[in-house]
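Each protein sequence line maps, in turn, to chains U, S, V and L.
So the mapping is simple: my numbering equals the position in the first sequence, first residue as 1, plus 493.
So the mapping is simple: my numbering equals the position in the second sequence, first residue as 1, plus 493.
So the mapping is simple: my numbering equals the position in the third sequence, first residue as 1, plus 493.
So the mapping is simple: my numbering equals the position in the fourth sequence, first residue as 1, plus 493.
Ideal Cβ placement from N, Cα and C applies to all residues, glycine included.
Below is one structure; the comments refer to it alone.
Number of protein chains: 4
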Amino acid sequence: MLKTPTIVLNVKTYMESTGENAFEIARLMEKIAEETKVSMAIAVQACDISRCVDAVSIPVYAQHIDPIKPGSNTGWTLPEAVKMAGAVGALVNHSEHRLILADIDTCLLRAKDLGLDTIVCTNNVAVSKAVATFSPSMIAVEPPELIGGDISVTTADPGIVRNTVQAVRRINNTVKILCGAGVKNGRDVAKAIELGADGVLLASGVIKAKNKEEVLRDLAAGVL
Amino acid sequence: MLKTPTIVLNVKTYMESTGENAFEIARLMEKIAEETKVSMAIAVQACDISRCVDAVSIPVYAQHIDPIKPGSNTGWTLPEAVKMAGAVGALVNHSEHRLILADIDTCLLRAKDLGLDTIVCTNNVAVSKAVATFSPSMIAVEPPELIGGDISVTTADPGIVRNTVQAVRRINNTVKILCGAGVKNGRDVAKAIELGADGVLLASGVIKAKNKEEVLRDLAAGVL
Amino acid sequence: MLKTPTIVLNVKTYMESTGENAFEIARLMEKIAEETKVSMAIAVQACDISRCVDAVSIPVYAQHIDPIKPGSNTGWTLPEAVKMAGAVGALVNHSEHRLILADIDTCLLRAKDLGLDTIVCTNNVAVSKAVATFSPSMIAVEPPELIGGDISVTTADPGIVRNTVQAVRRINNTVKILCGAGVKNGRDVAKAIELGADGVLLASGVIKAKNKEEVLRDLAAGVL
Amino acid sequence: MLKTPTIVLNVKTYMESTGENAFEIARLMEKIAEETKVSMAIAVQACDISRCVDAVSIPVYAQHIDPIKPGSNTGWTLPEAVKMAGAVGALVNHSEHRLILADIDTCLLRAKDLGLDTIVCTNNVAVSKAVATFSPSMIAVEPPELIGGDISVTTADPGIVRNTVQAVRRINNTVKILCGAGVKNGRDVAKAIELGADGVLLASGVIKAKNKEEVLRDLAAGVL
């Protein structure tokens with residue numbers, strides 16, 4: 494389980510974060526995490542998991558797992574394969590990769606069986622509550638309309654963070670809560686924590702930054 | 494482009510062919526391919542591509558690519574990532590991972606741009622003809638009802654192989670044609686070639702065999 | 494809102510229950526419902542809603558609605574269209590038509606806005622709990638492996654019914670609970686009610702019966 | 494089979510064309526078709542097929558059919574149901590409702606069996622060629638980026654219309670060809686025919702018009 498508060502970076506499928514570029518970012522995160530003692534994790538493409546695990550000691554997550562058991566599932570992401578490649582967990586139900594409700598249940602059961610951590614992405618308070626009943630490791634609430642945008646969810650809609658924290662804790666107070674969408678700097682991180690969240694999930698704020706190290710250091714400062 | 498006639502092994506997501514088990518099978522194939530000079534290739538899970546490429550010199554394929562460009566596509570399989578991990582090509586539209594028609598077109602264009610080989614799976618003669626208009630590297634026709642079964646397509650439905658070969662060649666005679674479903678031994682391979690195919694695509698016939706080396710040697714003998 | 498206990502018949506897309514055949518079954522249900530005072534409802538194909546509504550006075554449900562607003566959604570099922578055709582509600586997330594989690598939330602909000610009743614189908618206790626947080630009108634729990642089979646869920650797995658009732662009531666005691674899968678006769682209905690359910694959802698038990706009237710009368714007797 | 498040249502109106506799921514509003518538009522089309530002798534057809538939501546068929550004598554199409562046979566397919570669109578409701582055909586693979594390649598093949602076979610006309614939508618010349626190998630009744634090419642826009646495909650990209658006509662005719666000269674996307678007036682229709690198309694498929698150009706009758710008359714004038 495990730496130490497919290499934490500900063501989870503989803504590198505998506507940008508060219509700036511595919512293959513060697515992803516490992517470079519992971520190394521930067523590892524260095525800053527060591528220096529600042531702030532908990533950081535990276536979620537990379539399935540193709541990049543094993544090499545990223547070889548390159549760094551920070552926790553590496555898959556960006557997705559499929560609700561399958563070993564067998565005939567050509568081209569799908571087997572939780573066992575993710576685990577064997579060295580990932581410690583997986584994002585589940587990201588807004589760019591939504592799952593059928595029963596399949597979220599199956600993914601979480603499969604992950605639990607294998608000792609994989611799960612960060613389930615949600616779009617609002619109601620869906621966060623529904624997911625909380627499944628007891629994932631973490632829930633990451635991200636209003637889809639703010640993802641990839643210029644204004645952080647913590648500024649644009651602080652209520653969704655506060656209300657998700659409150660509603661999820663009432664159903665299951667062992668679930669950690671992240672927030673995401675538009676998160677870009679230390680102020681956004683500090684605000685997320687102030688609103689009760691256990692950290693942030695972000696992507697373009699780092700990947701598209703000219704100076705990734707500077708942005709990562711600023712994000713870490715928001716935790717401190 | 495794969496030398497033909499060829500034997501392409503899709504290891505799917507069986508436990509017997511995930512992680513280290515997949516690399517073991519790949520090494521076996523490499524040994525037999527070198528000894529017999531029969532062309533062999535392996536299609537592994539995205540998580541296993543880079544380590545498999547490190548382990549062997551036979552061509553490694555992805556089992557799937559998504560119809561996407563670099564960007565915000567969390568958890569999907571970016572053709573560039575597959576290429577950077579070291580794969581030479583990808584299965585497209587496998588019966589366990591069908592694609593929307595327009596997305597097959599996009600996948601093939603993306604693969605062509607990146608210099609990736611494509612093996613497009615089809616279920617019958619009509620669909621094979623439609624795919625032939627796109628000029629993939631190869632078409633692999635596999636009647637879904639025979640996949641994973643005990644009787645080889647070359648025995649159960651030789652007509653589908655012969656008619657696919659004929660129909661595809663008429664539309665585009667640069668496209669290579671594989672057949673699959675139930676293929677298990679050298680006789681099936683020899684029959685496939687006799688029917689005009691350029692090789693076979695198979696999975697459980699090898700993966701579920703007690704003695705994988707024996708089966709692979711027998712398959713190779715079918716080419717000779 | 495349906496009066497409970499109730500018997501809801503999903504006619505699916507069988508030939509025996511398409512077009513005029515569906516209206517025939519609806520008329521039979523109407524007659525028996527009137528005679529026995531047992532609450533009965535029918536869920537028909539989108540194409541058949543308006544004519545079925547014209548034919549009978551029992552409540553007519555859609556088998557599905559899509560999570561959409563009026564606009565550019567060619568070929569999808571608009572909740573408004575279902576309502577205007579005369580349906581009083583809709584099945585949502587049937588095991589043959591599963592939805593993405595966030596889309597269940599959207600469907601339920603859309604239905605509530607339009608005054609449509611919702612019967613959300615679930616596959617187990619955990620998923621039923623998650624759905625209960627959304628406050629649908631009803632939840633219908635149906636273990637997929639028993640659907641269309643010979644043994645009623647009330648016999649094969651009474652625990653799933655009892656535990657769903659208990660778990661859902663704890664989260665939201667206004668939600669009514671149906672059970673389904675293999676339900677065929679009055680004994681199954683009586684058992685469902687004894688286990689705490691508010692009725693049953695069934696399909697082939699009636700549609701595939703030689704004497705539909707006899708089966709419907711027997712089901713009604715199970716309520717009495 | 495539709496008489497060509499023809500104007501096919503897809504009413505989508507706009508409020509302006511749901512339920513009674515759809516029948517109103519259909520009556521308008523019927524009146525103008527009778528007066529001008531221009532061939533016109535309307536594609537309505539599944540819920541609205543039977544009432545629309547009762548209301549008018551112009552051909553009524555479904556907006557979609559699913560690749561299914563009668564059976565357990567809750568909430569999907571059975572070709573038989575569409576036929577029994579009175580539709581003469583269906584749009585297949587609309588850009589808002591894309592299908593898996595093998596499912597297009599199945600839909601077309603099912604439609605042929607039932608005597609239903611098919612208008613298969615495509616996004617470019619390559620996909621149109623692939624579809625032509627299946628021999629549908631009609632192909633409607635619509636560049637997705639122009640759909641719902643202000644500039645007609647016939648102005649923005651006349652080459653796609655001309656090249657689709659040419660490529661499809663070469664593969665199968667019995668297939669009729671429509672074009673769509675941004676089509677709004679008689680000039681667009683005339684240009685489509687001049688480019689070799691057999692008519693147009695349009696939606697918002699009529700549905701969102703203040704004066705639908707005026708627009709429909711202008712479109713008809715483009716054929717004359």
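- Contact annotation: GLY512(S) and ALA574(U) have beta-carbon atoms nearer than 8 Å.
- Around the C-beta of GLU638(S), fewer than 16 other C-beta atoms lie within 10 Å, and the residue is accordingly described as exposed.
- For chain S, the residues of the segment 511–524 of chain U that bring a beta carbon within less than 7 Å of one of its beta carbons are THR511, GLY512, in chain order.
- If you look at CYS600(L), you'll find it in the alpha helix (DSSP H) that goes 594–607.
- The beta-carbon separation of ALA660(V) and VAL613(V), rounded to 14 Å, does not stay under the 8 Å limit for a contact.
- Closest in C-alpha terms to ALA578(U), from the list ILE542(S), LEU712(S), LEU594(S), comes ILE542(S).
- Annotation: the continuous alpha helix (DSSP H) that includes THR648(U) extends over 646–649.
- What TYR507(L) touches in chain V, judged by beta-carbon distance under 7 Å, is PRO563, GLY564, going in chain order.
- Counting every other CB atom within 10 Å of its CB across the protein chains shown gives GLY608(S) a total below 16, marking it as exposed.
- Following the DSSP letters along the chain, one finds ASN514(U) in no beta strand (DSSP E) but inside the alpha helix (DSSP H) bounded by residues 513–529.
- From the listed residues GLU589(U), ARG591(U), LEU584(U), HIS590(U), the smallest Cα separation to ASP610(U) is found for LEU584(U).
- Below the 7 Å Cβ cutoff, chain U contributes no neighbours of ALA674(V), its closest Cβ being approximately 14 Å away.
- Listed along chain L are ALA595, each with a C-beta nearer than 7 Å to that of ASN616(S).
- Contact between SER630(U) and LYS669(U) is confirmed by a C-beta separation of about 7 Å, below the 8 Å threshold.
- Distance from the Cα of ALA633(L) is smallest, within the candidate group GLY642(L), LYS622(L), ALA539(L), for LYS622(L).
- Per DSSP, the continuous beta strand (DSSP E) segment holding CYS614(L) begins and ends at 610–615.
- For the 8 Å CB-CB criterion, VAL549(U) and ALA580(U) do not form a contact.
- Counting C-beta pairs with one atom in each stretch, the segment 553–570 of chain V and the segment 561–568 of chain L have three or more that are closer than 8 Å, which means they touch.
- Interface flag for VAL620(U) against chain V is set, since a Cβ pair is found closer than 8 Å.
- Straight-line spacing of the CA atoms in ILE535(S) and LEU495(L) works out to 49 Å.
- In this structure, the alpha-carbon of LYS705(S) lies about 40 Å from that of ILE593(V).
- With distances taken between CA atoms, MET508(L) lies nearest to LYS701(L) out of LEU709(L), VAL716(L), LYS701(L).
- Legend: CB atoms of the segment 528–550 of chain U lying less than 7 Å from CB atoms of chain S belong to residues GLN538, ALA539, CYS540, ASP541, ILE542, SER543, ARG544.
- From the listed residues THR648(L), GLU517(L), ILE551(L), the smallest Cα separation to GLY675(L) is found for THR648(L).
- SER550(U): not part of any beta strand (DSSP E); DSSP gives it neither H nor E.
- Residues of chain V whose Cβ lies closer than 9 Å to the Cβ of ASN586(U) are, in chain order, ILE593, LEU594, ALA595.
- For LEU495(S), there is no enclosing beta strand (DSSP E), as DSSP marks it with neither H nor E.
- Contact annotation for VAL575(U) against chain S: CYS540 [CB-CB distance below 8 Å, chain order].
- For the options ALA595(V), ILE597(V), LEU694(V), GLY698(V), the alpha carbon positioned closest to that of GLY642(V) is the one of GLY698(V).
- By the CB criterion at 8 Å, ALA713(L) and VAL531(L) fall inside the cutoff.
- Residues ASN586 of the same chain have their beta carbon placed closer than 6 Å to that of ILE597(S), with the five preceding and five following residues left out of the count.
- A buried status is given to ARG603(V), since no fewer than 16 other beta-carbon atoms sit within 10 Å of its beta-carbon.
- The contact set of GLY641(S) on chain U, defined by CB atoms closer than 8 Å, consists of SER565 in chain order.
- In the displayed model, VAL575(S) falls within a helix according to three-state DSSP.
- Annotation: the continuous alpha helix (DSSP H) that includes ILE700(S) extends over 697–700.
- Short of 8 Å from the beta carbon of LEU688(V), and not among the five residues preceding or following it, lie these beta carbons of its own chain, in chain order: THR647, PRO651, VAL654, ARG655, VAL658, CYS672.
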